[in-house]
Amino acid sequence: EYVVLALGEEPLKPVTLTLSKTKEVSLEVVAPLPPINTKSSSETYSLSRKEVDTLPRGNNNDLHDVLLTIPGAAYGSLKQVHIRQDHANLQLRIDGVPIPDTVSSTFSDVITPRAWERADIVLGGMEANVGNKSAALIDITTKSGTKPGFGSVQMFGGSNKTINPSFEYGGTIGEKFRYYFLNSHTATNRGIEPPTVGHSIFHGQSERNQTMFRGDYQLDNNNNFTFLFLNSIAKYQIPTSPGLEANPTILGLLPGGFTPVPSERVDENQKENNQYGHVVWRRDINTRNFFSLAGYFRHTRATFRTDPLNILAYVPEVEEPFSAGSQDRTGYSGGVRLDYTYVHSKEHLIKAGFQVDRTQAINKTRLFTFNLLDPNDPESGPIAPVINAGGDNRLIGWRQEFWIQDQWTPNEHWTVNIGLRADTVQYLRDEGQISPRVGVTYRYNPAHAFHAYYGRLFTPPNLERLALASLNLDGTKANPEDTTDNQPRAERAHYFQIGSVHALTDWATLQLTGYYKLANYMSDAHQLGTTPLLNYIAFERGWTRGADAALKVWFMENLSGRANIAWGQCKGYGLQSGHNLVHFEEIADINSRSGVHCDHQQTLTASGILSYLLLDRTTFTGQVLFASGLRTAEEGAKTNSSHSPTYTIYNFSISHVIPLPWHGQKFVVGFDIVNALDQKYFINQGEGSIGLGVSHAGMPRSFFFRGQWFF
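Here it is in structure tokens:
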């Protein structure tokens with residue numbers, strides 16, 4: 103049973119809630135828009151389950167599709183989202199525990215948005231308890247069991263050979279244990295964006311299965327335990343390009359009798375296997391002291407298998423280094439985290455804690471290439487036969503984090519967040535940093551607040567992207583143009599932010615934010631060739647800067663919308679590490695006095711959503727996504743000196759609720775159109791940027807249908 107209190111100008115009548123041993127009593131407070139946050143020094147953004155459900159495709163969207171609706175989010179292919187001009191660098195949390203990246207970053211979502219109850223997103227201005235990944239914090243509250251139980255069965259599918267059945271159920275066992283279970287299986291021929299525009303996709307089939315289990319045990323009024331398990335298993339075909347001509351020079355060097363298949367039938371594949379679990383103990387010591395203690399473990403593996411002879415047959419230029427390679431990357435992470443909160447008084451809220459993490463990364467590599475005709479001349483031609491080189495590299499790293507912060511509110515107008523954190527890491531090198539963080543918020547009145555922030559950031563590289571096998575490639579066509587082998591370093595940055603938040607009326611809120619990050623050893627990551635695994639590089643120094651605006655409007659009870667627009671830039675100077683991954687011309691551009699723009703820079707990004715509810719049963723939603731294009735370059739021009747063409751995507755959906763005669767049950771049907779105007783566009787282009795070498799095309803006009811039975 104639900105008691106709904108609608109907040110308005112009229113005073114509310116007293117309501118008495120009586121707890122029951124057999125039924126839950128819920129209180130839902132409904133207001134046009136959530137109140138603005140007048141104590142935070144960061145830009146905060148929230149996404150509720152309802153807001154996810156009203157998106158085109160509903161809760162069948164992938165994580166990156168949902169994140170593209172927040173300010174400053176640019177899509178970079180392979181399910182990567184770059185926020186505020188940072189390359190990925192996102193931190194996902196569940197139950198306050200950071201979820202470690204998979205080997206392929208966000209390539210295979212571990213947590214599907216259909217499991218979300220809500221997500222609170224923090225952009226910049228991070229408190230002292232946020233470290234490691236800091237471009238954005240996505241703090242997810244997942245669904246959990248209720249009494250009486252609930253469940254749903256859904257079928258989603260349509261264009262691009264997409265089919266996605268899913269099932270969820272949540273309930274209770276006894277009076278103290280709640281549970282929630284979810285399973286989803288997705289098959290599509292667009293698991294990885296192809297290098298070809300339109301519906302013609304070659305060798306692009308993929309399958310992915312996601313499972314989630316959550317259990318909550320309420321020991322007593324002061325102690326709660328949460329158990330979480332996430333599983334994601336996927337396999338992907340690597341999309342190909344048709345009509346390529348085999349290189350006659352290479353054909354003459356391949357084993358006798360070998361005939362290459364047509365280029366669209368080249369057979370490369372990747373399999374992924376990711377598991378994550380944690381146990382969290384929350385305890386209320388008394389009314390002023392609280393803590394949360396978590397232990398977690400992650401296993402992640404990605405296996406890329408090449409098609410060596412066919413890949414070599416289609417090498418376009420024999421003068422440059424080339425090879426075909428298979429990789430098997432595995433990562434194990436485990437750790438503990440403690441968050442402690444002390445309410446000293448109404449003026450002081452103190453937070454402290456620590457986290458210790460151990461990661462083991464394993465990378466097995468096998469390369470196929472040729473010896474050089476002249477071992478002393480890297481530009482000399484290849485000679486038969488095909489050779490292969492293999493290596494197995496293992497790397498263990500430790501990371502320790504400690505922090506303390508005081509949220510001081512001397513009066514109703516001012517809030518000062520003062521924090522200090524210490525980070526240390528031990529991997530290829532030992533590093534550390536003490537990072538002060540100071541944020542000041544001025545609450546002019548309940549409708550207007552202004553904030554400013556300064557903080558130090560310390561971002562060590564992902565070990566899985568560093569664990570490249572050491573191979574002896576001297577005298578082969580796989581030997582890099584630059585063999586400099588600098589050890590990578592953690593990024594160290596100064597971060598500045600100013601902003602404001604305004605309740606323009608009871609029906610509209612506006613956030614305005616500007617930021618600037620000045621970094622030493624600025625981190626980046628790149629795809630090299632068709633292998634959808636990222637490799638770490640770093641600039642000697644660099645900066646990012648930008649500004650964004652976000653607007654939420656409740657036009658009337660059944661019509662709401664939100665929109666945002668963001669401008670930003672990113673530039674790097676001097677190559678600190680990763681020389682063996684980058685072409686000589688690109689290294690020269692990076693080391694030039696003016697540096698280069700970052701691959702993931704998108705100067706202008708905007709999105710908007712409008713949703714209308716008709717007669718409490720039918721929802722119409724329209725969405726627009728604008729992108730000015732990621733960086734590229736014309737032939738012969740400086741690396742990343744221009745950008746890919748701009749594109750604007752329009753998505754629409756309609757969903758209808760059909761009440762069923764059984765108590766509490768309903769059936770929801772929906773129809774979605776993605777890219778309604780069928781714009782042909784590339785997310786990124788293979789030439790003119792650092793490393794890449796392969797293009798990724800966006801989704802053409804696509805139609806999807808969905809039906810979900812709630813019981």
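Each residue of the sequence shown is one higher than the one before, counting from 103 in my numbering. For every residue, glycine included, the Cβ atom is placed at its ideal position computed from N, Cα and C. Please read all numbers here as calculations on a predicted model, not as lab measurements.
The shortest C-alpha to C-alpha distance from D241 to any of F392, A649, R195, E419 is the one to R195. Going by C-alpha positions, N519 is about 19 Å away from Y618. At least 8 Å separates the beta-carbon of F773 from that of L762. V212 counts as buried, since at least 16 other C-beta atoms from the protein chains shown sit within 10 angstroms of its C-beta. Between A595 and A621, the C-beta spacing is below 8 Å.
Using a Cβ-Cβ distance cut-off of 8 Å, the region 322-337 and the region 360-369 are not in contact, since fewer than three pairs of beta carbons, one from each stretch, lie closer than that value. Counting only runs that start and end inside the region 493-535, there is no alpha helix (DSSP H) element of at least 4 residues. The DSSP-derived three-state label of T171 is coil.
Burial state of I760 is exposed, judged by a 10 Å Cβ sphere holding fewer than 16 other Cβ atoms. The Cβ-Cβ distance between A690 and L575 does not fall below 8 Å. In chain order, E481 place their CB closer than 6 Å to the CB of E421, counting only its own chain and leaving out the 5 sequence neighbours on each side. C-alpha of Q377 to C-alpha of V438: approximately 17 Å in a straight line.
Taking a contact to require three or more Cβ pairs closer than 8 Å, the region 345-361 and the region 273-289 do not qualify as touching. The region 682-721 contains, as complete alpha helix (DSSP H) runs of 4+ residues, the segments 686-692 (chain order). If you ignore the 5 residues before and after N326, its C-beta comes within less than 6 Å of the C-beta of Q320, R384, all in its own chain and listed in chain order. In the three-state DSSP reduction, P590 falls in the coil class, being neither helix nor strand.
Per DSSP, reduced to three states, the secondary structure at K448 is coil, with no helix or strand assignment.
M257 has P267, G809 as its beta-bridge partners, per DSSP. Residue state for N666 is assigned as strand, using DSSP reduced to three classes.
A residue is called buried once 16 or more other Cβ atoms fall within 10 Å of its Cβ, and G648 is buried on that count. DSSP, reduced to helix, strand and coil, places T351 within a helical segment of the structure shown. Proximity to P487 across P477, N495, T471 peaks at T471, based on C-alpha coordinates. Around V655, the same chain offers A610, G663 as residues with beta carbons nearer than 6 Å, after the five sequence neighbours per side are excluded.
Residue pairing from DSSP leaves S206 without any beta-bridge partner. Per the C-alpha coordinates, the member of D459, T578, T408, S343 positioned closest to Y398 is D459.
If the five residues before and after I265 are omitted, its C-beta is found closer than 6 Å to the C-beta atoms of G259, A289, all from its own chain and listed in chain order. A direct Cα-to-Cα measurement between I172 and T561 gives close to 23 Å. Here Q767 is exposed. Its C-beta has fewer than 16 other C-beta atoms within 10 Å. The beta carbon of N564 sits closer than 7 Å to those of D203, Y638, all from its chain and outside the five residues before and after it, given in chain order.
In the structure shown, the three-state DSSP call for E366 is helix. When G788, E687, Q528, S696 are compared, the shortest CA-CA separation from W645 is found for S696. Less than 8 Å separates the beta-carbon of L497 from that of L568. Annotated three-state conformation of N547 is strand, per DSSP.
In the structure shown, the three-state DSSP call for I196 is strand.
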